[in-house]
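One structure is given below, encoded as structure tokens.
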Amino acid sequence: MSIHWWELIGRGLLVYFFLILLLRSTGKRQIGQMSPFDLVLLMVLSNAVQNSMSGGDNSVTAGLILAVTLVAANWIVGKVTSSSKIMEQLVDGDPQVLFHDGKVYDKILKDSQITRQELIAAVHKAGYADLDMIRAAILENDGTISVIPKQH
0 MSIHWWELIG RGLLVYFFLI LLLRSTGKRQ IGQMSPFDLV LLMVLSNAVQ NSMSGGDNSV
60 TAGLILAVTL VAANWIVGKV TSSSKIMEQL VDGDPQVLFH DGKVYDKILK DSQITRQELI
120 AAVHKAGYAD LDMIRAAILE NDGTISVIPK QH
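Letter by letter, the sequence shown follows residues 0 to 151 in the working numbering.
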């Protein structure tokens, strides 16, 4: 190996947490509704950060150390977010109300990079003809849109 094992771990952790922050800042839509463009972005992004993690060391050992580091970091983040509401909110965010009782929240749509047409498509996918048939639409932490029907 051309660099120390502990440097590989540090580089892997630095890139992992940087990517969490970067992807978290792009909004929930990017996580839950991947388009072909998003897939290409992730593939290119992974290639772009590969050398920064490995420091140019392409050995099998370096690859294994980085793989274990990334899986362990992901496991730890999962454990911490499942046991701490504050960490869950920091990493996952909060659900966002896109529509409620006849009102579309345009600012939240814009901030979430969701168009009205995408909102209406989610309503159709849930089995409703239009917004008049539902009470609320909520952008969940995983990027999906939950639709709550009106009570009859």
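For glycine and all other residues, C-beta sits at the position ideal for the given N, C-alpha and C.
From a predicted model like this one, the values you see are computed outputs, not experimental measurements.
DSSP three-state assignment for residue i, whether helix, strand or coil
i	result
His123	helix
Gln29	Reliability fails at Gln29, whose pLDDT of 47 lies under 50, so the model's placement of it is uncertain and no value is given.
Gln49	helix
Gln112	coil
Gly54	coil
Proximity winner among the options, relative to residue i (alpha-carbon distances)
i	options	result
Asp56	Ser145, Leu108, Gly11	Gly11
Ile133	Ser145, Glu139, Asp141, Asn140	Ser145
Ile147	Ala125, Ser82, Val39	Ala125
Phe98	Gly77, Ile85, Ala135	Ala135
Arg23	Val39, Trp4, Gln88	Gln88
Pro94	Asp100, Ser82, Leu108	Leu108
Trp5	Tyr127, Leu18, Leu63, Val39	Leu63
Phe17	Tyr127, Gln150, Ala72	Ala72
Residue j beta carbon less than 8 Å from that of residue i
i	j	result
Met0	Ser51	no
Leu159	Ala47	What is shown of the chain runs 0 to 151, which leaves residue 159 out entirely.
Asn140	Asp91	yes
Leu130	Ile137	no
Ser53	Leu41	no
Leu69	Tyr15	yes
Cβ-based burial, residue i [other Cβ within 10 Å; buried from 16]
i	result
Ile113	buried
Val152	A query on residue 152 cannot be resolved here, the shown segment of the chain reaching from 0 to 151 and no further.
Val96	exposed
Ala128	exposed
Val43	exposed
Opposing strand residues paired with residue i [DSSP bridges]
i	result
Pro148	Ile133
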